[in-house]
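The block underneath contains the structure these notes are about, expressed in structure tokens.
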Amino acid sequence: DAGVTQSPTHLIKTRGQQVTLRCSPKSGHDTVSWYQQALGQGPQFIFQYYEEEERQRGNFPDRFSGHQFPNYSSELNVNALLLGDSALYLCASGLPLNTGELFFGEGSRLTVL
Amino acid sequence: AQSVTQLDSQVPVFEEAPVELRCNYSSSVSVYLFWYVQYPNQGLQLLLKYLSGSTLVKGINGFEAEFNKSQTSFHLRKPSVHISDTAEYFCAVSRDSSYKLIFGSGTRLLVRP
Chain A
3 DAGVTQSPTH LIKTRGQQVT LRCSPKSGHD TVSWYQQALG QGPQFIFQYY
53 EEEERQRGNF PDRFSGHQFP NYSSELNVNA LLLGDSALYL CASGLPLNTG
103 ELFFGEGSRL TVL
Chain B
11 AQSVTQLDSQ VPVFEEAPVE LRCNYSSSVS VYLFWYVQYP NQGLQLLLKY
61 LSGSTLVKGI NGFEAEFNKS QTSFHLRKPS VHISDTAEYF CAVSRDSSYK
111 LIFGSGTRLL VRP
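Heads up: the protein sequence lines correspond to chains A and B, in order.
Every number in my numbering is 2 more than the matching position in the first sequence, counting from 1.
Every number in my numbering is 10 more than the matching position in the second sequence, counting from 1.
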């Protein structure tokens with residue numbers, strides 16, 4: 003049983019560019035959340051998707067957007083990249099019955115130059 | 011709003027010694043509490059969670075934590091650590107059983123031989 007898979011694992015962009023990160027949830031999971039983890043810090047909640055809609059959002063600007071597809075996979079898009087967007091982006095999926103337990107992928111490490 | 015404070019950024023300990031990683035939270039409502047572990051270059055893995063019921067929670071790899079409502083704490087303990095326990099440990103809080111977790115800044119456990 004594959005866990006949460008994310009792609010790409012590493013990428014380098016320059017300021018002003020746009021990036022798309024992808025996530026496939028663990029089998030049987032229908033909720034996907036995205037977190038940003040800056041170096042040396044704990045993850046920060048970006049947003050959560052369920053039934054192809056954004057259900058909750060953290061304190062992130064509109065440059066951060068997402069999408070969930072009918073197969074529950076998800077994308078995170080970041081426009082007009084800033085140096086401060088450099089971080090590990092973690093995708094997490096959850097069980098249909100909310101138990102609060104998240105299963106995390108290994109992340110996509112974004113470097114903005 | 012909820013917040014989490016992990017008082018120690020790094021905890022060095024010798025192998026087979028006991029360890030306690032401290033976590034305090036702030037919330038005006040009842041919360042759910044979690045401890046996650048992050049090994050180098052990996053995503054986060056759930057160690058244990060407190061949703062309700064017994065205040066002493068047992069998790070994987072011999073870890074346990076005790077929920078103390080009066081002190082708003084959820085400290086993580088292990089009676090005897092192994093080299094393989096070296097990792098970053100994150101305490102997290104959620105207002106409900108949703109997947110919006112608020113993480114602390116993490117504690118690096120460094121187990122020495």
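Backbone N, C-alpha and C define an ideal beta-carbon position, used for all residues, glycine too.
Contact set between residue i and chain D, taken where Cβ atoms lie within less than 9 Å
| i | result |
| --- | --- |
| Q52/B | In the structure shown, chain D does not exist; the protein chains are A and B. |
Residue i versus residue j: straight-line alpha-carbon distance, rounded
| i | j | result |
| --- | --- | --- |
| C25/A | F106/A | 10 Å |
| F113/B | C101/B | 6 Å |
| D18/B | P72/A | 43 Å |
| V6/A | Y109/B | 15 Å |
| G72/B | K28/A | 25 Å |
| R65/A | N81/A | 5 Å |
| Q8/A | L97/A | 18 Å |
| D104/A | L57/B | Per the sequence shown, residue 104/A should be read as Leu rather than Asp. Cα to Cα, L104/A sits roughly 11 Å from L57/B. |
| V21/B | L119/B | 5 Å |
| T96/B | Q43/A | 17 Å |
| R17/A | P63/A | 16 Å |
| R32/B | Q48/B | 16 Å |
According to DSSP, residues forming a beta bridge with residue i
| i | result |
| --- | --- |
| N78/B | S83/B |
| C2/A | Residue 2/A is absent from the structure shown; chain A starts at 3 and stops at 115. |
| G68/A | L78/A |
| F73/B | F73/B pairs with nothing; no bridge assigned. |
| T16/A | Answer is none; T16/A lacks a bridge partner. |
| C25/A | Q8/A and S76/A |
| K59/B | F44/B |
| S13/B | S36/B |
| E103/A | DSSP output for E103/A lists no bridge partner at all. |
| L111/A | Correcting the residue type first, residue 111/A is Arg in the shown sequence and not Leu. According to DSSP, R111/A bridges with H12/A and L90/A. |
| V29/B | K88/B |
| Q46/A | Q38/A |
| Y99/B | V47/B and T117/B |
| L66/B | E76/B |
9 Å Cβ cutoff met for residue i and residue j
| i | j | result |
| --- | --- | --- |
| L78/A | Q19/A | no |
| G116/B | Q12/B | no |
| E74/B | K59/B | no |
| P45/A | Y51/A | no |
| G68/A | S75/A | no |
Q) Are three or more beta carbon pairs between the region 17–33 of chain B and the region 23–35 of chain A nearer than 8 Å? A) no
Q: Mind checking the region 64–94 of chain A against chain B and listing, in chain order, the residues whose C-beta falls within less than 8 Å of any C-beta there?
A: L92 and A94
(Q) Three Cβ pairs or more, each shorter than 8 Å: is that satisfied between the region 28–41 of chain B and the region 93–108 of chain B? (A) yes
Q.
Would the region 106–115 of chain A count as touching the region 75–83 of chain B if we require 3 or more Cβ pairs under 8 Å?
A. Under the 8 Å Cβ criterion, the region 106–115 of chain A does not count as touching the region 75–83 of chain B, having fewer than three qualifying pairs.
Q. Taking Cβ-Cβ distances below 7 Å as the criterion, which residues of the region 14–40 of chain A are in contact with chain B?
A. Those would be T33 and S35, in chain order.
Q. Which residues, in order along the region 43–55 of chain A, keep a beta-carbon less than 8 Å from a beta-carbon of chain B?
A. Residues of the region 43–55 of chain A with a C-beta atom less than 8 Å from some C-beta of chain B are Q43, G44, P45, Q46, F47 and Q50, listed in chain order.
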